[in-house]
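Participant: Okay, here's the structure, questions in a sec.
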Amino acid sequence: MTTTTSTRNNKSAIGGLIFVLLGVIVVSTVGVVLHTLSADPQKKLYATVSGTMSTPQGVLPHAFIEEGVYPDSVLSKSHGANGGSHPGWPSYGPATHLVLPAHSYVTMTLTVYDSGEKLNHAYFGKVVGTVDGTMTIDGTQVSALPADGVQHTFTLHGLPTSTQDPLFVNVPLPKMTDDQMKVYDDKGTLPVGHKVVFSFITGGKGEYVWNCEYPCGDGTYAKFGAVMGQLGYMSGKVSVA
Ligand SMILES: [Cu+2]
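Heads up: the sequence shown begins at 277 in the numbering used here, then just goes up one per residue.
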C-alpha cells in the first residue's frame, strides 16, 4: 500500500515537473522570438549638429537628420541589397532607429516617394508637435493635409511615463500622384519625390518610438496587417541621447 502511494506520488511529481519544463520552454521560446523581432538589427541613423538655433527655450544646438520613405524595401536600402524577406513592402530608409541629441532643435527632412489613399482618421492629417505647428512640402508651408492626400505619416511618441520628457510629433506625408510617380530623377532610379521639412525640440534623454499611422498594411486588420505589424519598415525607435 505504501509502495503504491509513493509510486503514484512519484508519477504525479514527474508529471508536474514535465508540465513546468514545458511551460518554461514555451515562455522562453516566446521571449526569444519577441526579443529577436524587437532587437537591434535596426540600423541607427544619427542626427548631426551644425550650429545653433535661438528658440523660446533659449539657444539650442541645431541638429539635422534626413530619411526617405519608399514604395518598396529594395529602394529603401534598410533591408539589404535585395530588400530582405519582404522586398515589396514600403519602408523608411536607410535606417529606422533614429538617434537625436537631447535639448536640441531638430530639423528633419523626409524625401517621400510613395502613392497613397485615405487615412483611417483625419487627426493624423494634422501637423502636431513641430515648431509653430507647420512643415514645408517642396518649400511651401502647411499645417495639415487632406485625409486622402497622404502616403504615410511620421508619428513620434513615447509611453506615458514620469521618468522622461514627453515628445510627440505627427507629420502627414504628401502622397505622390500617378503623374508625379512617372517623373524620374537624374539617375533614373527614383521619382523626384516630395521634400518634407519640419523641426521640433527634444527634451531630456529618453527612449521613444515612431510609426506610420496611414493604413499601408494588408487587409488583416483595417489595413494594419503585414508591414504595419513588423518593426523596421513603418515603425522604429527614437533614442534621445
Ligand atoms: Cu505607412
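All C-beta atoms, glycine included, are put in the ideal place defined by N, C-alpha and C.
1. Going by DSSP in three states, K402 sits in which element: helix, strand or coil?
2. Let me make sure I understand the geometry here. Which of L432, T453, K353 has the alpha-carbon closest to that of V403?
3. Can you tell me the Cα-Cα spacing of F295 and N286, whole angstroms?
4. If we count the other Cβ atoms within 10 Å of its Cβ and call it buried at 16 or more, is Y460 buried or exposed?
5. Along the chain, where does the alpha helix (DSSP H) containing M510 start, and where does it finish?
6. Using only the heavy atoms of ligand 1, determine whether one of them is closer than 7 Å to the beta carbon of M510.
7. Touch check for the region 449–457 and the region 348–368: three-plus C-beta pairs under 8 Å?
8. Alpha helix (DSSP H) containing V350: first to last residue?
9. Between which two residues does the alpha helix (DSSP H) harbouring Q456 extend?
10. Express the C-alpha separation of A423 and P366 in angstroms, rounding to a whole number.
11. Rounded C-beta distance between Y381 and M329? I'm assuming under 8 Å.
12. Where does the unbroken beta strand (DSSP E) through Q427 begin, and where does it stop?
13. Between P467 and ligand 1, is the CB less than 7 Å from at least one heavy atom?
14. Measuring only the C-alpha atoms, how far is P436 from P442?
Facilitator: Checking against the coordinates, here is how it stands:
1. strand
2. L432
3. 14 Å
4. exposed
5. From DSSP, M510 is part of no alpha helix (DSSP H); its letter is neither H nor E.
6. yes
7. no
8. 349–352
9. 454–457
10. 19 Å
11. 4 Å
12. 426–433
13. no
14. 8 Å
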